[in-house]
Structures are given as C-alpha cells and as structure tokens.
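Residue numbers (the numbering used here): -19 to 670.
Just so you know, even glycine gets a beta-carbon here, dropped at the ideal spot from N, CA and C.
Printed below as a string of structure tokens:
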C-alpha cells in the first residue's frame, strides 16, 4: 500500500515537474522576447534622438522666421503710424505750397537778375586771376634770380654756406635746430604723405616706425606702408599693396649689392608715381621717431630736387659729413627722402638706369670709390648720382644712424635729446643682439618701449581672399589677427573690475553682453568699452565688417562647455566677426536646407585657434547653423585631437538690424531708463541663447 501511495505521489510530482518545465520554457521565451523588445527600444531611442536633433536644426530657421515676423509686425505698426503722420504733414505742405507759389515766381525773377550779375563778376574775376598769375610768375623769377643764403652748423664753429630751400618754421623749430639756422621758411605742402616699404621680415619694424610717426603728425597727413605681405599696424596707418607701385629694376652692370636685402630697396623709386600727393617723405621701416617730426612738413622741395640727410662716412680719410657738414659732391643716406612725386621724373630715372655706365659711377665722390662693386648700396648710390647737384641736405637729427651716435666724433652733434628720428642700420632691435649692438643697448631699449606702447593697438590687415575657408562661401578665417600683446590687453579689459559685475552665469557658459540687445521696439545702445570699441573700429578699417559693430557678446567657456547649434537670425545684419582668445575650439557648420542648395557643402568644421578672427557673411550667415560641442577635447575630420584650454574667451561682434537709438543719441534720463528696461527684458530671454 505504501508502495502504491509512493507511486501515486511520484506520478503527481512528475506531473508538477513537467508543468514547471513548461513554465520554465515559457519564461525563457518571454525573457528572449523582452530582450529583443529592449534592443528594439534602444534602437528606436537612438533614432528618436537623431530625429529630435534634426528637428531642432530644422526648427532653428522657423524660430528665426517667427522672430523676423514679430520684428516686421512691430515695424509695420510703426509704419502705419508714420503713414498717418505723413498724410497730415502732406496736407499741411499743400497749404504751404499754395501760399508759396506766388513767392516762387518772384524768386525766379530775382534769380534771372542774379545770374546776369554773376556772369559779370565771373568775367571780372577771370581778368583778376590772370593778372595775379602774371605778377606771381614775375615774383618767382626774381626770387630764383637772387637765392637766399643760410648757414648750417653741424657741431663745429665753421659755418657752411648753402643755397636752396631748407625750412622748419613751426614754433618748436624757431631759431637753431641741431645747429641749423633757418631764416626763410617755405610754404607748407597742401597734401603730404609719410611712406615706407616693408617685407615680412621687417613687419615689426614697420609697425613701430609707422606708429611713432602717426602719433607725431597731424591727422590730415597720411601715413602709408606698402608691402607684399600682410602687416599689422596701428589705427591711422594705411597698408597698401606693393604692386600698386611701378617696378624699377637696376641695370645688369650694377652688380650685386653689399647686402642681399638691398635689392628690395629699388622698389622705393616707384614712390615717385604717387602724384596724388604734393610731397612724399619716405622712411625706412627700421627707423623710429623720438622727437618732433612735424617740422618736416614745412620743407617743400622744388620739382626735381631731393631732400635727404648726408650720410656718415667715417671710413673716409677726411672728416665725415656728420662732423663738418656737407661738402661739394655730398653723399646722402636714402633712409629718409623728401621729394615731389612726378611720373616725368620717374621716367627720367628709368632712362638713366637703362643707360647707366661705370663712368657715371666713377664721377661721384661717394662709396663707389671704396667698394669695388658698381652699386654696393643699390638705389642709394643711384639716387646720389642721379640727383647730383639737386640735393637739398636735411639736418642729421632726422636720420641719426644708431652706431654713428656712439662715435666720439659725433656725440656733440647727435645727442639723443637733439635727435628726431633714429635709424637702426645694421643690427635690428627685433632681432637677436650681437656684441656689436651692445654699444647701442639704450637705443634698442627705446625701440622696445615703442613696441610695448603700440603693439597692443595693432591688428593685421588681411588680404581676405587668402583666408577664405570655402570657395563657395563668404567665410574667412584669419590667424593671429591680434598679437600676444593685443590679446593680453583685451583679456585685462574683459576681466577687469569695470565689467566684473556684468557677467551672467548661464547653464553651460558665462556671458557678458555689451552694446545693445535685440528688442521688438528697437535697441537702445550703450557705448562699448574703449578696448572693445577700438577693436570694432579696426574690423571696419580692415574690411572685416561693412559697418561699426554696436553689439559685442563675450562668452567664457571652460573645458567641457560649448554651445548648441543655432543661427543668429534676422535681428542682426548678415555679418558677424568672432575673435577667439586664450584657447582653441572646433566650430561645426551644418547646412539647414541641403536639397535647396546642392552646390554648398552640407557640413564642415573650422578650427578656431587663439587670436584668430572668423568672419561670416551672406550665405554662411543665413543658410547655416553652427555649434561647439560640449567636450574637453575636439577631434577634426583629419583625426587631429585638440585639447581645450583652461579657459576660452570668445568675442562676437554684430550689428543690430533694428536700432531705436545709437549710444550717441542717448542723452536724457528717459532714454537711459528705457535702455535699462530693455536689458531687464533681455535677461528673461537668455535661456534661448544657452
């Protein structure tokens, strides 16, 4: 019986085991189904995330269009009000016109009488001008017939009589300057330019030289640097293409110059083509103004004359020009030249070079007797020969050679306090000093102080087509737009005490808003800080933007922080300039409507390096969104990994499209209160910019 009961129990347990086995199998199937469902869900989640990101990119222009419609709506309302006001003014004008028609008829009669009287006066004026011209020519003839004698003393007791115009009539130049007694000043030129030439190697020299001249000359005097390289200069200095000047080549028989870089100096002969100026003052780019140079403007050479400083010739057995002053057949240094530009004179120089012979070289008592080469000093030898007998000497204070100043023979004549322009011949201050340069360490220190004072104000003058990122887009990237000194000056201004309390902490970066902010009623702008304003002015000066920016957004990024894909929208003019400081970042661009613009790149990236400037215009502004990934490092398409810096500062310059009041027009308390209200409103909208 127990066995039968056990068999029954065993059968029952077997049935339960079979049932559990079926349940186990069923559960395994459910687990596998759940795992498949989970994989499908993960895949769908990724697809949804991609779709959401795409929707965000597609929504950006829609949001921008909505903002544009809001702006247009407010503008339309303002136009309606203006239309009503104009209709009222038109009605008033019609009434005034009806009253003014009779008076107009009377004025027309008076005009006819005045026209007759004016014709008589013009005829009388023509006769008077003709008479005055005749008298003026007679006066000039009598003046040239009796040349004025002056005395020039250059550190000696023996006066040297000279003839011809040598005048420095400003107050600071009255009496004796550097031993030069001036008695008959000539008239100041109507338009003058101080001009230099520079290669890339002389870029820093050109920056310092032009800055020192700009700060000491009137605003109506142009300071120009011609170069075939991209140069950085301070505001007020123009950079022009070297190819704008005609090329003058030396003859083959001129031989090799003493120094290879002297070949470039022949280009200065092309300056005689600048006939838009009355007088040109040429300076080498390794010079530095240390005193009053504006008195040079009173020196007006005659046609065919050349003003220059006699060169130091201590290698000669007889005394040097610096010591006893110019002699017959003087030899001048071509570092400073003063002349009246003339295409006719340029043609004569070209003809003289084409017919150059050794006999002409041997006829001049200059360096050619000491050096065996035909023209060891290149254009300097030629100019001394070509203008022989037509050179008007200038005081050595205007071209004081650095090593000559340390020569015991010249210490009295070339005291630093008397010098106006230093000339760093031989060793350049921006190059590594040699033992020879130890004697002029104090003069080199003057140059470095001038660099320190001006380098932070300078910016590069780009040749924009060289910096185009993509051939089909108006997008430009300029590396080293500002130098290290300029970057340090901007950082000091941005993070200084004056702006310390104006920063806003957003979710993934810090933001500083300067200038004006977008507002439906039109922005009421404020003045930009001086350093930021100067940088904005430089952007206009070098052609980065068409108009002066009235807004600057400054973003501070830490490692791991970035900005989502966005477009700036219609509330700004379609141009933006972004200056990157301190650290790099990779900026990604994405075309919003790819099918509509198949000729444009759908996606690309730009590496923003410290001190670089990115300029977006036109299609690059309107058709693309851009972003910076939230990462601690960027990887380019070429596989280059770029680590983020401890801090990256970005300055974004824009022009607001709808402006109610520019900063110069904000004068009353009501306008200032209105601006504060706009800033408070904008603070509530900042989440859209994060």
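Within the same chain, Cβ atoms closer than 6 Å to the Cβ of residue 587 are found at 566, the five residues on either side in sequence being excluded. Rounded to the nearest angstrom, the gap between the Cα atoms of residue 558 and residue 568 is 14 Å. The beta carbon of residue 533 sits closer than 7 Å to the beta carbons of 491, 493, 632 from its chain, once the five residues preceding and following it are set aside; these are given in chain order. In the DSSP annotation of this structure, the continuous segment of the beta strand (DSSP E) that includes residue 173 starts and ends at 172 to 178. Where residue 546 is concerned, the enclosing beta strand (DSSP E) starts and stops at 543 to 546. Residues 503, 505, 530, 531, 636 of the same chain have their beta carbon placed closer than 6 Å to that of residue 496, with the five preceding and five following residues left out of the count. Residue 364 holds the alpha-carbon nearest to the alpha-carbon of residue 285 among 292, 364, 7. Separation of residue 72 and residue 61 (C-alpha to C-alpha, rounded to the nearest whole angstrom) is 17 Å. DSSP lists 456 as the bridge partner or partners of residue 448. By the C-beta density criterion, residue 215 is exposed, having fewer than 16 other C-beta atoms within 10 angstroms.
Distance check between residue 545 and each of 329, 228, 571 places 571 closest, using alpha-carbon atoms only.
Nearest neighbour of residue 221 by Cα position, chosen from -5, 84, 175, 17, turns out to be 175. In the three-state reduction of the DSSP assignment, residue 4 falls in the helix class, which pools H, G and I. Residue burial annotation: residue 94 is exposed, with fewer than 16 other C-beta atoms found within 10 angstroms of its C-beta. In the DSSP assignment, no residue is bridged to residue 500. In this structure, 226 is the residue among 226, 618, 335, 421 with its C-alpha nearest to the C-alpha of residue 326.
The C-beta separation of residue 430 from residue 188 comes to about 5 Å, placing the pair in contact by the 8 Å criterion. By the Cβ test, the segment 609 to 628 is not in contact with the segment 643 to 662, since fewer than three Cβ pairs between them sit closer than 8 Å. Every beta strand (DSSP E) of 3 residues or more that sits fully in the segment 250 to 294 is shown, in chain order, as 259 to 263, 267 to 269, 286 to 290. If the five residues before and after residue 507 are omitted, its C-beta is found closer than 6 Å to the C-beta atoms of 643, all from its own chain and listed in chain order. The three-state reading of DSSP puts residue 579 in coil, since its state is none of H, G, I, E or B.
By DSSP's assignment, residue 490 forms a beta bridge with 485, 536.
In terms of Cβ geometry, residue 317 and residue 288 form a close pair [threshold 7 Å]. Counting along the chain, the unbroken alpha helix (DSSP H) around residue 383 starts and ends at 382 to 385. The residue from 26, 356, 385, 521 with its alpha-carbon nearest to that of residue 443 is 521. According to the DSSP assignment, residue 219 belongs to the beta strand (DSSP E) that extends over 217 to 221. Its Cα nearest to that of residue 454, the residue 598 stands out among 598, 20, 42, 607. In the structure shown, residue 618 falls within a coil segment according to DSSP collapsed to helix, strand and coil. Counting along the chain, no alpha helix (DSSP H) covers residue 248, and no H or E run does either. Here the alpha carbon of residue 589 sits roughly 52 Å from the alpha carbon of residue 12.
In summary, residue 248 is buried, with 16 or more beta-carbon neighbours lying within 10 Å of its beta-carbon over all protein chains present. The beta carbons of residue 274 and residue 197 sit closer together than 7 Å. Listed as beta-bridge partners of residue 613 by DSSP are 623.
Burial state of residue 435 is buried, judged by a 10 Å Cβ sphere holding 16 or more other Cβ atoms.
Taking a C-beta distance under 7 Å as the contact criterion, residue 312 and residue 371 qualify as a contact pair. The alpha-carbon of residue 192 is positioned some 16 Å away from that of residue 219.
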